[in-house]
Amino acid sequence: MPDYKNDTLEHVSSPGYSAPPRKQGKLKAHFRRFWWLHLIIFIIGFLLVLLLLMFVGIPNIAQNGINDAELELESQVVMDPTPDSVQLAMTTISKSKSSFEPWLDSFEAALFLEGPEPIQPFGYITIPRVKATHRSIIFVNQTLEIKNLRQFEEYNKVVMNSETYRVGIRGRMGLKQGGFPKTNVNFNKIVTSKGLNKLAGFKVLDFNISLSREPDGTNMIGKVSIPNASPITLQMGDVTLDLFVDGTSIGNSTLKDLTLKPGENIAEMRSNTDQAGVITAIMKKYHDGIIPVDIVGRWSVYQGKHLTYYEAALQSNPMRTMLDVGPALAGMGVNISSLVPPKR
Ligand SMILES: *[C@@H]1O[C@H](CO)[C@@H](O)[C@H](O)[C@H]1NC(C)=O
Ligand SMILES: *[C@@H]1O[C@H](CO)[C@@H](O)[C@H](O)[C@H]1NC(C)=O
Ligand SMILES: *[C@@H]1O[C@H](CO)[C@@H](O)[C@H](O)[C@H]1NC(C)=O
Ligand SMILES: *[C@@H]1O[C@H](CO)[C@@H](O)[C@H](O)[C@H]1NC(C)=O
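Residues 75 to 418 in the numbering used here are what the sequence shown spells out, letter by letter.
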């Protein structure tokens with residue numbers, strides 16, 4: 075304990091001091107007397123700084139670290155589609171330049187297309203607990219319940235028609251860095267990915283025509299190549315396409331049990347065609363036997379149920395392929411030049 079009495083006496087018994095030293099002496103006396111007050115003020119100040127760091131500084135650093143991370147879709151496998159759900163297995167890579175490497179709690183995230191405000195999520199996924207590093211892998215495999223069918227249709231159209239596309243992902247999660255207390259941060263990100271790019275490069279590789287129909291009406295069987303430029307696998311069930319020449323229907327085709335995988339997909343296309351219509355088109359206009367066929371997806375049916383979200387995507391992407399009918403007709407013993415009027 076300081077000796078207040080002595081201190082006071084010292085001042086009294088030292089006359090002739092100039093003002094500043096006296097003040098200094100008073101200050102000293104003040105500190106000696108109220109040392110406990112200063113200790114309390116110091117502790118409160120220290121605590122304030124610490125609390126500010128913990129509850130404002132760290133959350134801000136954490137939030138900035140999350141905001142700076144970039145998400146890229148590595149692979150996405152969409153199986154077992156039903157009208158209101160799909161099984162979604164998704165691998166996303168998160169890249170961050172931040173030296174901050176916190177643990178992120180598992181959290182529920184909304185998936186949505188940018189544009190409408192407030193956002194209209196088409197579904198929710200549960201992001202598992204993960205440590206955010208320069209390159210973290212986030213793997214999700216769950217049933218995705220379709221919460222907004224309109225938006226899920228729009229999403230599938232965007233995936234179908236884009237070279238690259240963006241999907242919003244938003245949630246709020248707990249974050250813990252080292253010994254600091256847990257803080258909550260907003261996860262408000264965009265995942266970028268390559269899309270199906272309109273299935274550009276779709277082509278009929280080879281096909282045969284038969285005069286007699288099979289029991290299901292099939293009179294043309296072909297092999298098609300469907301390129302998938304995206305990292306996405308889509309189980310689409312039985313896909314039915316309508317075929318047109320110059321706006322006139324010439325039949326339909328079915329790709330049975332189609333699952334599009336990344337890269338080139340070879341599928342069997344069974345068609346129900348109006349052969350008289352095709353022959354007429356050749357005789358009237360396409361004398362070389364090469365006819366432009368417009369293909370418009372109509373149905374996507376899995377286990378007897380229509381998948382309107384894939385149907386919307388297929389319908390939004392009409393494709394044209396040049397079909398060389400000559401070889402198929404020759405295979406039936408028909409010479410194309412016998413169909414067209416002789417040239418003058
Ligand atoms: C995802 O989970 C389903 C059902 O449990 C399983 O059949 C499937 O193989 C899993 N997919 C991946 C990519 O792990
Ligand atoms: C067409 O017929 C030929 C000869 O029978 C056969 O080799 C070819 O595989 C058939 N093509 C298709 C797509 O069925
Ligand atoms: C395909 O066309 C045929 C003949 O026009 C028709 O009978 C059949 O129902 C159509 N199939 C589908 C799946 O639309
Ligand atoms: C088709 O007929 C034309 C003229 O009639 C003939 O020159 C040509 O060789 C025939 N082509 C085939 C594949 O038989």
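All C-beta atoms in this analysis are idealised placements derived from N, C-alpha and C, irrespective of residue type, glycine included.
The segment 389 to 399 in contact with the segment 363 to 375 per 3-pair CB rule at 8 Å: yes
Nearest residue (CA-CA) to Asn430, options Thr333, Asn282, Pro176: The requested residue 430 is not part of the displayed model; the chain covers only 75 to 418.
Any non-hydrogen atom of ligand 1 closer than 7 Å to Gln161 Cβ: yes
Contact test: Asn293 Cβ vs ligand 2 heavy atom, cutoff 7 Å: no
Expected contact under 8 Å - CB spacing of Tyr216 and Leu162 to nearest Å: One point to set straight first is that residue 216 is Gln, not Tyr, in the sequence displayed. Correct: roughly 6 Å between the Cβ atoms.
Cβ-heavy atom distance, Asn271 to ligand 3, below 7 Å: no
Where Pro392 sits in the DSSP three-state scheme: coil
Segment limits, alpha helix (DSSP H) that includes Gln309: Here Gln309 belongs to no alpha helix (DSSP H); instead the beta strand (DSSP E) covers 306 to 319.
Residue environment, Asn282, which counts as buried when at least 16 other CB atoms sit within 10 Å: exposed
Where the alpha helix (DSSP H) through Gly351 begins and ends: 349 to 358
Complete beta strand (DSSP E) runs within the segment 158 to 237 (minimum length 3 residues, chain order): 159 to 169, 181 to 186, 197 to 201, 209 to 219
Segment contact, 8 Å Cβ cut-off, at least three pairs: the segment 304 to 319 with the segment 371 to 384: yes
Cβ-heavy atom distance, Thr314 to ligand 3, below 7 Å: yes
Ala341 beta carbon less than 8 Å from that of Met234: no
Close beta carbons around Ser304, own chain, < 6 Å, minus the five adjacent residues each side: Lys268, Gly269, Leu270
Paired residues, beta bridge with Asn258 - DSSP: Gly248
Close-in-space but distant-in-sequence residues of the same chain around Gly296 (CB under 6 Å, 5 per side omitted): Val278, Phe281, Met343
Bridge-paired residues (DSSP) for Ser481: Outside the displayed span of the chain (75 to 418) sits residue 481, for which this structure offers no information.
Proximity below 8 Å, CB of Asn260 to CB of Gln377: no
Expected contact under 8 Å - CB spacing of Ala143 and Ala206 to nearest Å: 7 Å
Option in Ile306, Asp290, Asn409 with minimal Cα separation from Thr238: Ile306
Alpha-carbon to alpha-carbon, Ile353 and Lys221: 48 Å
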